[in-house]
Amino acid sequence: MFEELSDKLDGVLSRFRQRGVLTEPMIREGLREVRRVLLEADVNFKVTRDFLGRVQERALGESVVKSVSPGQQIVKIVHDELAALLGEGRPTIKWVSSPPTILMVVGLQGSGKTTTSAKLARRFAAEGRTPMLAACDLQRPAAIEQLQTLGRQIDVPVHAGTFGGDPVATAKAAVDAARAQGCSVLIVDTAGRLQIDETLMDELRRVRDGVQPQEILFVADAMTGQEAVRIAEGFDQALDISGVVLTKMDGDARGGAALSIRGVTGKPIKFVGVGEGVDDLDSADPERMAGRILQ
Ligand code: GDP
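At position 71 of the sequence shown (counting the first as 1) the number is 70 in numbering that gives the first Met the number 0, and the numbers step up by one without a gap.
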C-alpha cells in the first residue's frame, strides 16, 4: 500500500529534513517537487492544487523558517494535511436503535463488492453483532453462489434471491428475515456492471428506496486510480452514497484514488480492503494511512 508514493515523497522530504536552515525559495521549490510526486501518483489535479495551497500557506506562515527544525516541521505539515485529505477521524457506521441496521453495498462488477460484503459481515460478527447477508445481484448465478459460499465459510446466514428474480422484493424479504431472526445488521450485496449505466442505477435506486438503508457503501477498486474516482462521482450523483470502501489497497502502490476520492466526492473512505481473504479489511484511519505514506 502506497509504497511507490511513500518512497518518492520520502526522497523529496528528506532534503527538507537534512537542512538546518530553510529559506522561502527553498520551501517553494521543495513543494513543487511534492506536487510533481502527487501528480505522478495519479492524484486528482484539483485535489493536488488545493492540498499544496494549504501546505504552502502553513509552511510559509507558521514561522517555520525561523524555527529550530524547519525541515521536520514541514514534514509534519505534509503529514497532517495528508491525513486531512483522507478524512476526519476514524469513520463510523450509523447504527440504528431498532435493528436491523441496513448497509447497501454498490459498485461496478469486479470491484470487490461480494468479497467486501462478506468481510463486513465477518467484522461485525467479531464485534459481537449478528449479521445477515442478502444476495441481491440476481443477474449472475455465480454471484449468488459466491455469497452463499462465503456465508458458509464465515458462518453468517445468507438470504438469497433466485436467478432472474426481482432484487427489490428480495432485499425487502431479506429485511423481514433479518428482523424475524433477530439479526442486528443486514448487508445487501447488489448487482454491478462493467460500466455505469442507467438500467443499473435505476435498479439500485429502487432497492435503496425499497429498504431505506442507513449506509450506502460504494466499493471502488483502488488499482484503477482516477477511474475509480470518476465512477464514485457517478454513483454518488445517482444514489447519494454515504461512504467508500477502497479495495485492493494491498496492490495499490500509487495511492491516487485513496488521496482523491474524498476531495472529489466529499464522502469518506470508511474501510479499505487489503487482500482476498475474509479478514483482509481495515477501517480507514486517516492518521494511520498518512503514517504509512510518510514513514
Ligand atoms: P464483485 O464483482 O464486485 O462482487 O467483486 P468480487 O467480490 O467478486 O471480487 C473480484 C475479485 O477481486 C476477486 O478475485 C476478489 O478476491 C478480489 N478482491 C476483492 N477485494 C480485494 C482486496 O482488497 N485485495 C485483493 N488483492 N483482491 C481483492
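Note that CB positions come from ideal geometry on N, CA and C, so glycine has one too.
Comparing the CB of Ser110 with every heavy atom of the ligand GDP, is any distance shorter than 7 Å? yes
Is the closest heavy atom of the ligand GDP to the C-beta of Lys247 under 7 Å? yes
Any idea what DSSP makes of Gly262, helix, strand or coil? helix
Glu309: beta carbon under 7 Å from a heavy atom of the ligand GDP? In the structure displayed, the chain extends from 0 to 294; residue 309 sits before or after that span and is not available.
Is Met248 helix, strand or coil by DSSP? helix
Can Val157 be considered in contact with the ligand GDP, in the sense that its beta carbon sits closer than 7 Å to one or more heavy atoms? no
What do you reckon, are the CB atoms on Thr189 and Ala219 nearer than 8 Å? no
Could you check whether the Cβ of Gln145 sits closer than 7 Å to any heavy atom belonging to the ligand GDP? yes
Phe297 - partner residues in DSSP beta bridges: Summary: the structure shown does not reach residue 297, with the chain confined to residues 0 through 294, and so no result is reported for it.
Sub-8 Å separation of Ile186 and Val104 beta-carbons: yes
Thinking Pro90 and Ser282 are a contact (beta carbons under 8 Å), I'd like their distance in whole angstroms, please. 7 Å
What is the DSSP secondary structure of Glu87, counted as helix, strand or coil? coil
Ends of the alpha helix (DSSP H) at Leu12? 2-17
Which two residues bound the contiguous beta strand (DSSP E) that contains Asp220? 214-220
Let me check understanding here. Comparing Cα to Cα, which of Ser116, Val67, Leu8 lies closest to Arg18? Val67
With 16 as the cutoff for other CB atoms within 10 Å, does Asp136 come out buried or exposed? buried
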